[in-house]
Amino acid sequence: MSGFLVLLVGAVFAGLCAASYFLVPKSWDQTLWRTCLIMTLVCMYLMWAVTYMAQLHPLIQPRRSDLRAEH
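For any residue, its number in the numbering used here is found by taking its place in the sequence shown, counting from 1, and adding 83.
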């Protein structure tokens, strides 16, 4: 399920990138707007994906502190 969710959210962000590419109004700074919007969406997706994957597979396992120490 986790890999599917990352791909699903990636597809949503790809759709948003495509929409931002085609829906930017024509002006002298159209390329700047396209670049800023697409780079913002890519960075948002990467930050979400890294955070989501880090929570799925943490590097350090959590330990319970309310247990007695074993001998």
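Glycine included, C-beta positions come from ideal geometry on N, C-alpha and C.
Query raised in the report: Since L129 and S85 are thought to touch, with beta carbons under 8 Å apart, how far apart are those beta carbons, to the nearest angstrom?
Result: Translated into the one-based positions of the sequence shown, residue 129 becomes position 46. Translated into the one-based positions of the sequence shown, residue 85 becomes position 2. 16 Å between Cβ atoms; not a contact.
Query - Supposed close pair A132, V89 - CB separation, criterion 8 Å - result: Locating residue 132 in the sequence shown gives position 49, counting from the first residue. Locating residue 89 in the sequence shown gives position 6, counting from the first residue. Indeed, because the Cβ distance is near 6 Å, the residues count as touching under 8 Å.
Requested in this report: Indicate whether S103 and L120 have their beta-carbon atoms separated by less than 8 Å.
Outcome: Walking along the sequence shown from the start, residue 103 turns up at place 20. Walking along the sequence shown from the start, residue 120 turns up at place 37. Yes, these two residues count as a Cβ contact at 8 Å.
Report task. Alpha carbon to alpha carbon, how far is T118 from L99? Give it in angstroms, no decimals. Result -> As a position in the sequence shown, residue 99 is number 16, starting the count at 1. As a position in the sequence shown, residue 118 is number 35, starting the count at 1. Distance between the alpha carbons of L99 and T118: 13 Å.
Query raised in the report: Taking the alpha-carbon positions, what's the R146 to A152 distance?
Result: By one-based count along the sequence shown, residue 146 stands at place 63. By one-based count along the sequence shown, residue 152 stands at place 69. The straight-line gap from Cα to Cα measures roughly 12 Å.
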